[in-house]
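Here is the structure we will look at.
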Amino acid sequence: MSQQKSPAARRPTIADIAKIVGVSKVSVSNALNGQPGVSEATRAKVVAAAEELGFVRNSAARALSGAKAAAVGLALCRPARMLGTEPFFMELIGGIEKVLSDASYSLALQVVPDHDRGLEAYRRWWGERHIDGAILVDLREDDARVPALEEMGLPTVVIGHPSGAGTLTPVWSDDAAAVRETMEYLAALGHRRVARVAGLTGLVHTSLRDRAFAEACADLGLRAQPVVHTDYTGEEGARATRRLLLSAERPTAVLYDNDIMAVAGLSVAQEMGLQVPRDLSIVAWDDSPLAQVVRPPLTALSRDIHAYGAHAARTLLALVTDRRAEGYEDLAPRLTPRGSTAPPVA
């Protein structure tokens, strides 16, 4: 299993800056904190060296004391307005927070517009000694954040498949097995035209689910429907559902990559006069109260997301403390059949 060992790279220190500039550590501290005792030319050299190393001014006091930050960082690439409507991340963060709170650690959370800004946040937190470790989510194929965090020496747990985690420590579940179980269930009900409304392209877990879906269709003799990729929002889920239901070969079942899109798909089917599950079966990835309160309640892939976040946090704390930790494979999502799935009428 993948392990993250004590990295060769380390967090930049005042001693590193002092060595580059050729002055004492006290002079570096004075320069970074705007104190007298250094010339403007020296101050400029110190600031330039600090920025080059990723060590910024307000880290000086903590660097001199050598104190731990007792915090971990999570940069989340999502529109801030979506956080309150996305049950997965609310549950995940809740599990992380519970473990960190019990260990007297805090979570530094920042919502960013893209992964480049997220990497900037990790660099700043680490350089300023605001965090002792980090959690990385939404792992992308050939993710530039992975080698950057490896080079920084920042203890990091990746919530994502080991295939994309490099030497960072992964916490993951078997998405391919969940797709396979779902497709076998739908095939057993008699469905032969199954579509998938997926999340963002380029994400490791999206690609794994896409491949598993295609392989299951081929193995089970199902007619492969186009996979429609979206941004996970209800609006995009509704648009994708209309496109599928208006196609020449309308699917009799649709697997959605999250509960929000599945509920939106249910609404679209009903507005088009289709009965769920008589005319269309719907399966949602990741169960939630939202999936359970709609009518009919949605068949869903269920897992304990709170525990998933807790496992990630415990793994990271072990990594911060011992400088190494085993990767952790969580339980794969399990199918929970409800009223939104049934044999097709034709």
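So for the sequence shown, UniProt numbering puts the first residue at 1; every next one is plus one. Where a beta carbon is used, it is the ideal one built from N, C-alpha and C, also for glycine. Just so it is clear, the structure is predicted and the values come from calculations on it, not from any experiment.
- With a contact defined as Cβ atoms closer than 8 Å, Ser-106 and Ala-70 qualify at about 7 Å.
- Under the three-state reduction of DSSP, Gln-275 is assigned to coil, being neither helix nor strand.
- Comparing alpha carbon positions, the residue from His-205, Leu-32, Val-46 and Val-158 closest to Ala-75 is Val-158.
- Annotation: the segment 304-333 contains the following complete segments of the alpha helix (DSSP H) (minimum length 4 residues), in chain order: 305-322.
- Across the structure, Pro-251 and Pro-337 are spaced so that their CA atoms are roughly 19 Å apart.
- Taking C-alpha positions only, Ala-291 is separated from Arg-211 by approximately 25 Å.
- Bounds of any beta strand (DSSP E) do not take in Leu-246, whose DSSP letter is neither H nor E.
- For Ala-108, DSSP records a beta bridge to Gly-73.
- Note on geometry: alpha-carbon atoms of Pro-344 and Leu-92 lie some 35 Å from one another.
- If the five residues before and after Ser-207 are omitted, its C-beta is found closer than 7 Å to the C-beta atoms of Glu-141, all from its own chain and listed in chain order.
- Distances from the alpha-carbon of Gly-118 to those of Gly-309, Asp-143 and Ala-307 put Asp-143 closest.
- Looking at Leu-331, Val-99 and Arg-314, the one whose alpha-carbon comes closest to that of Ala-325 is Arg-314.
- A direct Cα-Cα distance of roughly 18 Å separates Val-283 from Glu-235.
- Around the C-beta of Lys-68, fewer than 16 other C-beta atoms lie within 10 Å, and the residue is accordingly described as exposed.
- Asp-330 places its beta carbon less than 8 Å from that of Val-171.
- For Asp-132, same chain residues with a beta-carbon under 6 Å away, outside a window of 5 residues either side, are Lys-68, Ala-69 and Val-320 in chain order.
- Within the same chain, Cβ atoms closer than 8 Å to the Cβ of Met-272 are found at Arg-242 and Leu-245, the five residues on either side in sequence being excluded.
- Around Thr-182, the same chain offers Leu-255, Val-283, Leu-301 and Leu-335 as residues with beta carbons nearer than 7 Å, after the five sequence neighbours per side are excluded.
- Of Ala-342, Ala-332 and Phe-88, the smallest CA-CA separation from Arg-209 is found for Ala-332.
- Scanning Asn-30, Gly-237 and Ile-14 for the CA closest to the CA of Val-228 turns up Gly-237.
- Check the Cα spacing between Pro-226 and each of Ser-247, Glu-51, Thr-233 and Tyr-232: the tightest is with Ser-247.
- Here Leu-136 really is in contact with Leu-168; their C-beta atoms are around 7 Å apart, less than 8 Å.
- DSSP places His-161 in the coil class of the three-state scheme, outside both helix and strand.
- With contacts defined as CB atoms closer than 8 Å, Leu-274 and Ala-253 fail to qualify as a contacting pair.
- Around the beta-carbon of Pro-12, 16 or more other beta-carbon atoms lie within 10 Å, marking it buried.
- Within the same chain, Cβ atoms closer than 8 Å to the Cβ of Val-268 are found at Ala-238, Thr-241, Arg-242 and Leu-245, the five residues on either side in sequence being excluded.
- Taking a contact as a CB-CB distance under 8 Å, the pair Val-99 and Gly-160 does not count as one, their CB atoms being some 19 Å apart.
- Under the DSSP assignment, Leu-136 falls in the beta strand (DSSP E) whose first and last residues are 133-136.
- For Gly-94, the closest alpha carbon among the candidates Tyr-328, Pro-296, Ala-310 and Ser-340 is that of Ala-310.
- Contact check for Ala-121 against Val-146 fails: the beta carbons are separated by 8 Å or more.
- For Thr-299, the three-state secondary structure derived from DSSP is strand.
- For Ala-41, the number of other beta carbons within 10 angstroms of its own is below 16, and it is reported as exposed.
- For Tyr-232, DSSP records no beta bridge to any residue.
- Taking Ser-163 as reference, the option from Leu-154, Asp-174, Gly-153 and Pro-155 with the minimal CA-CA separation is Asp-174.
- DSSP places Ala-187 inside the alpha helix (DSSP H), whose first and last residues are 175-189.
- Cβ contact annotation for Glu-86 (same chain, cutoff 8 Å, sequence separation greater than five): Arg-78, Tyr-232, Asn-258 and Ile-260, in chain order.
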